Each structure stands twice: as C-alpha cells, then as structure tokens.
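Chains as they are written, first to last, in my numbering: chain A, 1 to 390; chain B, 391 to 780; chain C, 781 to 1170; chain D, 1171 to 1560. Where is the CB? At the ideal position from N, CA and C, for every residue including glycine. Being a predicted model, the structure only gives us computed values, none of them experimental. A short worksheet on the structure shown next.
4 protein chains.
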Amino acid sequence: MQQIKQDFPPASRRLRLGFVGGGQGALIGEVHANGARLSNRWDIVAGALSSNPQRAQASGKAWMLDDDRIYSDYQDMAQKEAARADGIEAVSIVTPNHLHAPIAKAFMDVGIDIISDKPLTTSLEEAQSLAKAQARSGVVFGVTYAYSAHIMVRQAQAMVRRGDLGDIRQIHVEYFQDWAMNVTDQGENAPWRLDVAKNGPSFTVGDIGTHAEHLARFVSGLSIEAVRADFHVTGKPKALEDTAFMQLSFAGDVPGTLMVSQAMAGSQCGLRLRVCGTKASLEWHQEQPEILHLRAIGAAEQIISRGHDAGMIADTQRLLRMPRGHPEALTDAWANLYLELAVAVQARREGRALPKDLLAYPTIADGVEGMRFVEAAIVSNATDAWVFCA
Amino acid sequence: MQQIKQDFPPASRRLRLGFVGGGQGALIGEVHANGARLSNRWDIVAGALSSNPQRAQASGKAWMLDDDRIYSDYQDMAQKEAARADGIEAVSIVTPNHLHAPIAKAFMDVGIDIISDKPLTTSLEEAQSLAKAQARSGVVFGVTYAYSAHIMVRQAQAMVRRGDLGDIRQIHVEYFQDWAMNVTDQGENAPWRLDVAKNGPSFTVGDIGTHAEHLARFVSGLSIEAVRADFHVTGKPKALEDTAFMQLSFAGDVPGTLMVSQAMAGSQCGLRLRVCGTKASLEWHQEQPEILHLRAIGAAEQIISRGHDAGMIADTQRLLRMPRGHPEALTDAWANLYLELAVAVQARREGRALPKDLLAYPTIADGVEGMRFVEAAIVSNATDAWVFCA
Amino acid sequence: MQQIKQDFPPASRRLRLGFVGGGQGALIGEVHANGARLSNRWDIVAGALSSNPQRAQASGKAWMLDDDRIYSDYQDMAQKEAARADGIEAVSIVTPNHLHAPIAKAFMDVGIDIISDKPLTTSLEEAQSLAKAQARSGVVFGVTYAYSAHIMVRQAQAMVRRGDLGDIRQIHVEYFQDWAMNVTDQGENAPWRLDVAKNGPSFTVGDIGTHAEHLARFVSGLSIEAVRADFHVTGKPKALEDTAFMQLSFAGDVPGTLMVSQAMAGSQCGLRLRVCGTKASLEWHQEQPEILHLRAIGAAEQIISRGHDAGMIADTQRLLRMPRGHPEALTDAWANLYLELAVAVQARREGRALPKDLLAYPTIADGVEGMRFVEAAIVSNATDAWVFCA
Amino acid sequence: MQQIKQDFPPASRRLRLGFVGGGQGALIGEVHANGARLSNRWDIVAGALSSNPQRAQASGKAWMLDDDRIYSDYQDMAQKEAARADGIEAVSIVTPNHLHAPIAKAFMDVGIDIISDKPLTTSLEEAQSLAKAQARSGVVFGVTYAYSAHIMVRQAQAMVRRGDLGDIRQIHVEYFQDWAMNVTDQGENAPWRLDVAKNGPSFTVGDIGTHAEHLARFVSGLSIEAVRADFHVTGKPKALEDTAFMQLSFAGDVPGTLMVSQAMAGSQCGLRLRVCGTKASLEWHQEQPEILHLRAIGAAEQIISRGHDAGMIADTQRLLRMPRGHPEALTDAWANLYLELAVAVQARREGRALPKDLLAYPTIADGVEGMRFVEAAIVSNATDAWVFCA
C-alpha cells in the first residue's frame, strides 16, 4: 500500500448549510442534499427552496427545517442567516442558471461560502464579473462538476500525472442523453433550459457540454485552447441546439473531439472520456464509474477497479467509503465534493492553510472556463471557423 | 409509468439511533452509519463503539457524539438511553457474531428497536431463542442483508412474482471473494471470524453464504428445503472452511447450487444470482448492481437498468435517489434499508399499521432462516448426505 | 515476441478426407467440413453422408463429390476407398453415438485414420474396446472436442503450465443451453439424443457435460478422480436428464463443480471455465472465445486477447489465422483441429516422428475418459454417493 | 421463423480463382484465401503471388499451386490463364494500392472477373477511369470491404430499412488502431502505405477511413454529401496523417462524425458504428461482431445476437455457417463475401439474372465512392472548410 500524503483535518462538528432552490420536483436539490448528508460534514438547516411561498413551506417541512429558517426570498435568507449566531456557513445554489450570479453575490456580501451548480452563469461576462466579486470577498466558491469527484476519475488524473500514458496525443469525450428527443420549447411544459432568458444562449453545450469539457481538462491536465463546433437539432424542433459535435485543440496542440447530444435515442447518461498517450490510453464511463480501462501498446487491457491495492493512487484512499468490490456511485462522488468543500470552508473560517493538492473540487475558475468554452462554441458554430478560448 | 401503490408515510423529524460496535478500524460500522445518514431518517446520537474505553472515546468523538452519550459498555448504554427523554429509538449492532444476541436482548428489554448485522447469532438455537424474545418484546428487528435492498434486486423479485420467468426451474447463486486466501487462524492478527467462540462454527458459509442464501430466497420467493454441502479450505490452512459448494433443493423440488469462497484469487465481491424459469432467466451481479440481465427463450437478451420507464416495477420508485443513468450503488442499498427500518420504527412508536408489502427489509425470521441453513450445511458436510432445513 | 518452438512440417498436397454422416439437415457435418476446408489441408472427396440412398445422393451432390464416391453404406465405402489408389486417408464420423464405434472399426480395419465426433460411444465398455482396436491398428484417432482448439484455450493451458496461477485450488465449469427446454422424447420429432439405443444412457451429461469435462481437464492439466452428481429434468418431461449439477474432485484433492443444462432458458452455448490458483484465476467463455480474463490477487483484472504480444504464448502463433483485433471464432477452432489432425495423419503415412507437444488435438484416450466420466456421473446420481473415475 | 426470400442458386462445381499479390509475409492474401476456401465455392489454382520470382515460387508452392500456374508477372498470368481451357474465372488483387487499377485492367481485358482489395486506387480520377473500363467490359467487380459481410452488419442494415430506428438523426463511426504509433516513413522498413507513390496521398483515411465510410453508408443507407476533416499525426513523425477527425453531412442533412487513428495506443481494430434514429439507436463493434446493441427510448437495452429467432432478419439465414451461440467471426465475413462473389461470377458466366437484393457485396461503385470521400477529406483538411462529395 502506498502512503497517503495527508489526511483531511478532523472535524469537531458539522457545518451549517443552506439551500436556495431545490424545492419539490427539483431533482438536483435532493442530489446535492444527499451528498451533503452522506459526507457527514454538513447539517442542512435553512432554505429558500422555492420563490413560491407555499412551495417553499412545503419543501422546507419535507426537509425537516425549522419553521423560522424556511424562506421564500433568498435576499431575506442571506440577511437573516448572516445575523444569526447559528447562521449558515455555506449556501448551495440550485436554481436556474440566470439566478446563480445574483444569489451568489447576495450571500458573498454577507460572508457566506458558496456552492453553485453549473453552468456558472448565462454568459462569460457575467461569470467573469462574479469571479471578480468572489476574489474580493475571499469566500470559498465551489462549482459542482460532480463527476470529477468520483474516486476513479481522481485515479485517472493521477495516472496521467505520473506518466502512465506517456505524452498525451489525443482526447475524446462524449456525453449522450435522450431526454430532450421529444421535448420542444413551445407550450407551458417547456423546460426552463430551453428559455434563453433563464438558461443562456446554449442548451446542450451549456448543460452537459460543460461537464464533458471539465472532465477532459480535469483528467488530462490540459486546457482547451481552440474549438471548432457544429450545433444541431436532432430531436424535436427547438430554437436552441440539442446536439453539438466539436473538434478541440488542447494545450500543446493535442487534438481532440467532443460530442454531446440530449436527443440520442436510448442513451441515458453516456458520459465517456478517452485520454490517449504515446504509451497507453485510459477510458472512463460515467455509467460504470468504478472501472478504468487502461490499454497500453503491446499489453493486455487492464480493468482497474476501485480498491485494488495494485495500481490505485494512495491519495484517493482518504475518500473511500466502501471496501473493494462493494460499489460506490454518484452519491459518493457528490459526498466527496461536499466533504472537500467542508474541509475548505472549515479551514477558511479557522484561518488555517491547507496543503496544496489536498483538495480537488472545481472552483469558480472552472466555472468561468466553462462559460468561455460555451461562448467559443457558439461563435464557432455561427462563423464555421475555429475560435480560440483564451 | 405504472402507479406506485403507496408512498412512505412522511416524517416530521429524524429518529434517534445508537450504535454498539463499529469503532475505529471497524469498517462495517461506517457502512451502517452512512446508510443511516443518507436515508435522512436518522440522527446518530449515541454509541458504545468499542468495549475498550479509550477507543470508544476516540471513535465517539470522530462520530461527533456528545460526550455524555459515548459509552464503552452496552448494558450501561441501554439503561441510560432508555432513561433519557431524548434517548435512542433504535440501536445498530455491529459487533462480532457472539455478541449480537446478548446485546439485542439488553436493548429489547428496555423497548429499543433493533438493527442487527448478520449472521444473526453463532447457532440456530441461540437464534431461535432470540426470535422468541423478540416476539415477546414486540420490537422492530431488522437484519442487514443489505444486498436485498438494491432497487434492481427488488425489481428482480417483482419480475419473478409477476411471472416474467414462468415457473422457476433452477436457481444458482455464488459469492466469491479472495481476502482470506492468505489468512490463517494462527497469530495475533487472526481475524475474529476464524475464532469459533466469537464467530460460530462456520466461517465462509456463515459470513457470505448467508448473504447468498438470503438473496436466492428473497428473489425467487422459494424456501430452501434441503442442502448437500461440501466444505473446503482452498486458501492457507485454517480450521474452519473458506470455501463451500452445495446442491440445494428449493420448495417445489426446484434444484439449485450455491458456491462460496473467500479464497478465490482475484474475486472481490462476486455475488451473482441466476434464477431460471420456463420462459426466461434473470441474472444479477453485486458488482454491477444497477443492471439485470433478462434472457428469454427465443428473444434478444435485455439489459434492464434502473430508471427505464419500460419494465421497471413502479413500487421501486419510492426508493429512487438518483435519476436514470446516474448510478446508485451499495450505500444507496444501505440507505434503502435504513429508510424502511425508520418507517417501521416510526410506525411502531406511533401505533400505526402499515400496508402489507410496503416494506421488504429482512427480519429476525430471515436471520433465523440463515442460521438454519448454516447448521444444515455443517451437518451435510460432516455426514456427506442431504440434510433438511425445516 | 517469444520464440515459437517449432512450426508444422510443410505440406505438398492436401490429404483426402471422407465423411460418414453429415447429410442434409445434419448441422455438425457442415461444421466439420468447414473446419477441414479452412485448414487448407484436406480435400473432401468421398462420403456416405446418409444411410438413406436418396439423401446420400442429394447430400453428396451438394458437397460436389464425384458420383462414384457417393456412398450410402459405410462398409461399402470403407472397402472401395481402401481399394482406390486415390482413396481417402482419413474419415470423419458424424453419426449418432451408437454408430461411432462400428464405423470407426470398419475404417481402422482398412488402415484409414479416424476423426470421430463425441461422445466417443454409448458406453465405457464400448469405448475401451474401441481404444484397444485403435491401439492394435495404429491409426491416428482424433475426437472433436473442438473448444479445446481455440487459441485462447491453448493460451489458458499454457498459462496454467507456466505457473501464472500458482497452485490450482478450485475449478468451475458450466455449460448451459436452452434448446431442450420444450423438447420431449415422445412423438416422431423426438431427437435421437433422447433415444437411449442411439444415444446411450445419458442425454445432457454425455452431449455437453463431456465438453465441459474435457475443457476443464485440458486447461487445468488435472484428471477428474471422483464425481458426485445429481441429475434433473428442468425442461419438459423426458426419460433422460436435461440438467445435472456435480461436485468434482480433481487430482491432488482440488475441488470443483460442473453444471450443465440444456433447459436453462435464454442460454445459447454458455460454456464457461474458471480455473483458480493461489495467485490468480483464469476465466474463459465459449461465446467470447478471443478473450481470457486473468484476475490476480491485488492486481487489476487483465483482459488478454488473441494477438497481444505481451502475454501470448508463442506456441499458439502457429495457429494464428487473423491478425490481432480481427476476431477468430469457432470455425477457426475446428480448422485448428483439422490442421493438427492433418499433420498427424501425414506424419503417420510418411513414418515421420513429430516433436512432443507439437499437437494437442483430443485423442481416443480423451474419448474414453469422457465415457468414464459419464458412467461415474450416472452411478453417482443413482446412488447419491461419490463415485471414483479411475 | 420468418421466410427467407430466396436461397443462392446451387453450384455444381467450384470456380477457379487466381491471386495477384499475397505472397509470403503478406497477411491480407491469406485472409482472402481463407475466405475463398471456407466459402467452398472457389479453388485457388493460379497466382502471381509476388513480382519477385523466387518469392513467387516459394509462395506458390506453399499454396500448393501447380508449377505451371505460378507466375511472377501479372500480365503473363492474365494472358496464359485466359488461354487455358481451365483458366481462372476470377482474380483477387491484394497488392499495394497503385497496382490495383493496372492489374484489374489487365484481367478485365481478357474477361476475367475481379475481386480487389481497398482502397480501390490511389486517386479518384484513377478510380473513375477504372469504373468506366469495368462498365465497358461487363465483368463482375467486387471490392473487399469485408466488415459489411458480417451477418450482424447485414442485420443492422435490415433493421434500419424496416424502420426499427425511426428516422435517422445522427451517425457516428470510429476506427482506432495503434500499429502506426511508432512507425515512421524513414528507413528501409517503412511500410509501403507511407509511400505516396504506392499508397496515394492519404494514409489512414485511405486505409481504414474508407472502411468506416463504407460501413456507415452500408448500414444507414445514406450517402455522405459533405465532409469537414482535420488530419493529424499523433504517432511518430510521418509525412502522411495517421489520425483524422471529421464532421460529416449525410443525405437529408443528417449530421455525423468519423474518427480514425492508427496511432491510438492500446486499440487493435476498434471499428465501432452508431446509427441513431428518432426511436432507437444501434451500435456495432468489429471486435464483437456477433452482437448488436439496440437502445430504444424508454425501453431496456437489447443485445441482439446472431441466431436468435426473435428479431433476426430472415435474409441473413442463407449466410449462416454456425448454429446460434457458436460464434462466427471475421473469416466467416470474408467467406460470405467470396460466396456472394461466386454467385455473381457464376451467374454472369451462365448468363443468368439474379434477383435484386440477393447479393450485397461492395462493388466498384463503392470503391469509387471511397476515393471520392478520401479526396474530399484531403481538400477539407487543406482548406479548413466543408467539401462536398458529389
């Protein structure tokens, strides 16, 4: 067994967490909350779970919040929580995209740390403005690209870093779903993701393309320097793209591709990454998150699974929740994220420095990078030309 | 989408849970606790996490228990918790096998509900005595055969019940691990599972054979009526078996096999069930818990995954924690178990009847059945003959 | 690349091959013939493809045989071919089981080499008598357990021999089909395999159990010393078993299991072998014949595929027909068998000795061993006791 | 079982086949020859297996050709074979690309039918000229895109045609190998495929890109109307591309992607096709040729394997060589191709018309289409723009 470089500092109590958004019917709020619960580092104690007062009440009760900590206005919540001795120490923002920035600013202003869903904002400009505000405020700011918190994704990143693949030569990432095949932007059941005002000007590239973009950068360690994108509608007619195919140029002139669709029949969450070097290639699928495929030239394929002593990066051990052979999955990845965020929030509040490389949660810089990628893709599609992301 | 028969009754607060066993270094305690946390129905507030006072203290603090609720004696804990207005409502027992029964009795006596690890006891006689005590006390008693709480195992059971397989004609279950390959019962690092006094007279059949036995019965709905077992030591020498192969006779003269080993090189948690009928066969693997293979005569194989509208049993929907394509895994199964146990404990305390078939957690009857199976296997191995489990 | 120990001696012409059985509607004759054709070492020039003269004619013409070499009586064929200068040098026997021995004897008597389908005969006694006749005659006698001629099965055998697995500790083999689920022995469409007179006293153990038995012995290098078998009918009622489950004892007290059924819904040709040692386990599936799974303790699983330089046994190279990544399959295995048999027949006719270990085709000794296994299983099932195969 | 529309006309003798190219060390010649042998419709009787006389002799003897039919000059062979009463009826051309056209013309001129390896020529212009010559001569002309002759690829095509997928909305094809990772075009071991004069101006797009292009067109039934390609060198430096990524526009504005590399570490023959419609998506991998994945919206994934009664297209039955569950593979696909070509050659020679849709082997039109695709990709890469293939 390799040595784990360092363990997380111990906690003497759980931190206090609030939510904006995530009320009844909003799936992703529950996913965040389960991550926080499983991490055992947070108590969820307050929420503006909906801007609709009745729904906010019902949702808050379902989450077993105290009556006086159920809000329907996030500004009200920010003020009141900041004023309490037992006020929340961080807030999770799980609203439509256009609200991420104003809500984050309201809580930053009162010194509360931020956990925001992705994509960060509806435009690069708004993202950059938010990043400046975050820098001024000094708060912790995590963006929930949760796939990067799977242990085997961390393992993949570590294998690339230690040179198991040789020099990186090509990178392919794809993310295919089918839920938007028969979805349109007409009618009252149209999802907010197809409403430009709430969602921003890209549907699928913003929603899942940013996951693919982040994952490729996270594992390879290479930035995306230029994009050549074609947007398509392959499902029912809609104003925004539900499909996009791209050529990418990563740092060091490493070519790559990115394919996303939310109208590919029969796909559920087909996020798949291939990083290919001069010695070997790595492959990871979101739907089988416990397995890495390592294919080296002239060698048998290896199926690396979480928990094998041989080959596992020691630094992932501090995130282990289940012994080998007992599968972890997506809630575990969310819990890893909330665990690392708790460590960061606690350290900030205690004025304690953390060792470099102890934490790997996505930050606001990753959120900004995502918006830069989305805008470059939009321009490339419109101009039929390569566009730099720099 | 099919109709879900009924949902769980809502909860207005989390229940209070204590632990006996599970201190530092004891993996399974953390697994139970994570299930409880993720279920969002329990607060872990007390524990006798070790009988060693120092370790009990350190473990209790790591679990963020209040000082006055960290115990090192389970009888002390039972008395004090029963006397508190905010005392625990249930206790999880995660000690070596020989302590399950005395601890359970101590907490039953003061009206606290029981969640016990498996195998239930070290002998059938002790299990039957415990079951009588439970019947007298009326407490809820869950046994944590957690694999049966995976949604796709519930789905498998439901598919058998509605006749998707036709009449059941053969059943095969196997559970292979390799951690005991190089383990012996000599020396001070010998695990308690190889100590007959603490573990009981069977190592592997008791430890993982009972999981296999429960899973086969749970999905098929058929009891095991007779066993023909051969025990082996295929890893380093040890007094108890680390491997066993069996022929089984299920109710209705359905033949089957059961194979278990903890010394099968390269296996991690290879629990695999095949239930085969006149129309189709079902297969489920613990290491890929989100998938069922359905193979019908004259049809293409179907890979049924959690979340497909088509084919999923509606009644599993109330356990869903992640949307389709986003994998759940073993912590989710544990959370399902702790969720159902919370519903049961709450109902008992509120004097409320629950609809039949709402809950499917394993009960003390399953625990007794497991011990009956273990003893039949031991006798069969010793006598080289079929032995009835009745 | 490792050194191949030696290559096959070159051939200056194809050998002349005849068939008994295999007429229209008889699948297995075509399978044999395709193996012979693909091997490029045989010309099929004569045949008694059916005992029905009309069918023999039609089948012979479909195989493009010359008119004077189409027979309907195997004794006639043996005499006439032996008398020709260009007579056949070997005969393939693909009839129902009860005819294997008399036909083989007829051709042996005139010095023609024998390629017989399996099981060798309908009884052990008949097999032993045939083996004596073969020994007297000195003819080459191959038995077509074709699965053992897959390159990756040869690779598996070589890996066991060179110690990749450590000491062998358990062996599991299973073969599941479903074609007999709805088959009965009543009515005029009842297959000859359910007619004791033509088939012998065991249906499934004789038909596919012998494949499983041979494969396990071939790869492990261990003989089966004792059997404890239970026979079942899990498909429609029939007098002979369509399912059997066994405990095995291999040489050196290595325990194992064997499971066969031709009434397991949804299985096609599910022949699967697991050989497990102190260091690693190997797994091979007939339906994915190009892949070996190697699972070592504390290491990532390896997927070894035909053609990888790393790990492939050099001696398999002489059988390669396709470059790496281009799949071979069952016809290739048959061609390997017919290729090795051609080498053996040519050597006998040229009076040339071949290097030990050059050829690995199954011989009449393997055929006899198969019958010994079948009879032991029958007795064990009848007596509910372990039976020695010695 | 569905009705097979019609069977192949019977053959009363094997046709006579010659080879140009394919001498010792040339892998692909043996692959063609094995296909011809297994088809049982051809006797290989003549060859100019090398232009080097000594090698031609040695190779011819290894193939057991008669001395007077071993040539080292293809023009000599064309003349002499045409003059013989028992001369060859077709020739297989397995030389470097620049020789395909002149050799084909030499044999066409004397009325011999042509089976050519791919890519058809080194330029579109040469391909078009050859097509005109073929049209004038009236010979049968097959191009060996052999992957399209796998039964499950035929099945995929038939499923698209009968509407199982709904309207086609996106198509993705990739073909990854790694053998050129460390190959350069310098030194005397440089392969001819990196020599522009022998190979033409594209390495990987010509070599395996055309396989991918043909397969996508064959299964989807849609032509490629425009290409946007980027060429890369991801292995050791070389003048021609070893990697290319493309956006495609299929007929009806169906978008798609094509990715090829011969320098993707750890890939062997990773040819994978995904055809996605409004109702379902189909996926096929060359390395597991017996399986189709069908993923429909809201349904369980189906694993369709060759031989299932349910779902299999009846017209593929006439190509079956093995019963269900007994895998076929690439040699079977080659044999299917040689079988269909034999039917075509025999029909031409007998002046017999064949039913439309009886045969599906790739023709010279497919070869021309491939060259059009290669040239469009080259131009697109050079101009960084979409290029029409029309």
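Check, Outcome
"For A:Pro10, does the count of other Cβ atoms within 10 angstroms reach 16, so buried, or fall short, so exposed?", "exposed"
"Anything in chain A within Cβ reach of D:Lys1449, meaning under 8 angstroms, just list it in chain order.", "Ala265"
"Can you name, in chain order, every residue of its own chain whose Cβ lies under 6 angstroms from the Cβ of A:Leu124, other than the five neighbours on each side?", "Met371, Arg372, Glu375"
"Against chain C, does A:Ala299 count as a neighbour if the rule is that its beta carbon must be under 8 angstroms from one of theirs?", "yes"
"Taking B:Ser695 as part of the beta strand (DSSP E), name the residues at either end of that continuous run.", "691-695"
"Do A:Glu290 and A:Glu328 have their CB atoms nearer than 8 angstroms?", "yes"
"Below 9 angstroms between beta carbons is the criterion; list the residues of the segment 134-163 of chain A that meet it against any residue of chain B, in chain order.", "none"
"May I have a chain-ordered list of the alpha helix (DSSP H) segments no shorter than 4 residues that lie completely inside the segment 821-873 of chain C?", "833-842, 854-863"
"Answer yes if the segment 398-415 of chain B comes into contact with the segment 429-445 of chain B, meaning at least three C-beta pairs across the two stretches below 8 angstroms, and no otherwise.", "yes"
"Quick one: what does DSSP say B:Ala523 is sitting in, helix, strand or coil?", "helix"
"Within 8 angstroms (strictly less), CB to CB, does D:His1496 reach chain C?", "yes"
"With a 10 Å radius around its C-beta and 16 neighbouring C-beta atoms as the bar for buried, classify B:Trp582 as buried or exposed.", "exposed"
"DSSP three-state call for B:Ile502: helix, strand or coil?", "coil"
"Mind checking if A:Phe388 is an interface residue toward chain C, Cβ cutoff 8 angstroms exclusive?", "no"
"Have a look at B:Met391 and B:Ala723 and give me their C-alpha separation to the nearest angstrom.", "A caution first: B:Met391 carries a pLDDT of 41, below 50, which makes its placement in the model too unreliable to give a value."
"What did DSSP end up calling B:Ala755 once you bin it into helix, strand or coil?", "helix"
"Leaving out five residues on either side along the sequence, give the residues of the same chain with a beta carbon under 6 angstroms from the beta carbon of A:Gly200.", "Asn97, Thr122, Gly206"
"Would A:Ala329 pass as an interface residue toward chain B - the criterion being a Cβ-Cβ separation below 8 angstroms?", "yes"
"Does the structure place the segment 532-546 of chain B close enough to the segment 642-650 of chain B that three or more beta carbon pairs sit under 8 angstroms?", "no"
"Within 8 angstroms of any Cβ in chain B, is that where the Cβ of D:Gln1472 sits?", "yes"
"Apply the 10 Å Cβ neighbour rule to A:Gly27 and answer buried if 16 or more other Cβ atoms are within range, or exposed otherwise.", "In the sequence under discussion, the amino acid at residue 27 of chain A is Leu, which differs from the Gly named in the question. Burial call: exposed."
"List, in chain order, every chain D residue whose beta-carbon is nearer than 7 angstroms to that of C:Pro1103.", "Leu1197"
"Under the assumption that A:Ile88 contacts A:Thr95 (Cβ atoms under 8 angstroms), give the Cβ distance between them as a whole number of angstroms.", "Incorrect: roughly 16 angstroms between the Cβ atoms, too far for contact."
"Pick out whichever of D:Ala1450, D:Phe1277, D:His1455 has its Cα sitting closest to the Cα of D:Leu1464.", "D:Ala1450"
"Spell out a yes or no on whether the segment 696-707 of chain B and the segment 1474-1486 of chain D are touching, meaning 3 or more CB-CB pairs, one atom from each, closer than 8 angstroms.", "no"
"Counting C-beta neighbours from all protein chains within 10 Å, is the total for A:Asn34 16 or more, i.e. buried, or is it exposed?", "buried"
"What in chain A is Cβ-close to D:Gln1417, meaning under 7 angstroms?", "Asp230, Phe245"
"Which residues in chain A sit within 8 angstroms of C:Gly1091, going by Cβ to Cβ distance?", "Ala299, Ala300"
"For the beta strand (DSSP E) holding B:Thr633, just list the boundary residues, first then last.", "633-640"
"Of the residues A:Ser51, A:Val183, A:Ala342, A:Gln288, which one's Cα is nearest the Cα of A:Glu241?", "A:Val183"
"Does B:Pro591 come within less than 8 angstroms of chain A when only Cβ atoms are used?", "no"
"List the residues of chain D whose Cβ lies closer than 7 angstroms to the Cβ of C:Glu968, in chain order.", "Per Cβ cutoff of 7 angstroms: no residues; C:Glu968 is ~20 angstroms from chain D at best."
"Which full runs of the beta strand (DSSP E) of 3+ residues lie inside the segment 901-955 of chain C, going along the chain?", "921-923"
"May I ask you to report which of helix, strand or coil DSSP gives B:Leu428?", "helix"
"Taking only beta-carbon positions, decide if B:Arg459 is within less than 8 angstroms of chain C.", "no"
"Specify the secondary structure class of C:Gly980 as computed by DSSP and reduced to three states.", "coil"
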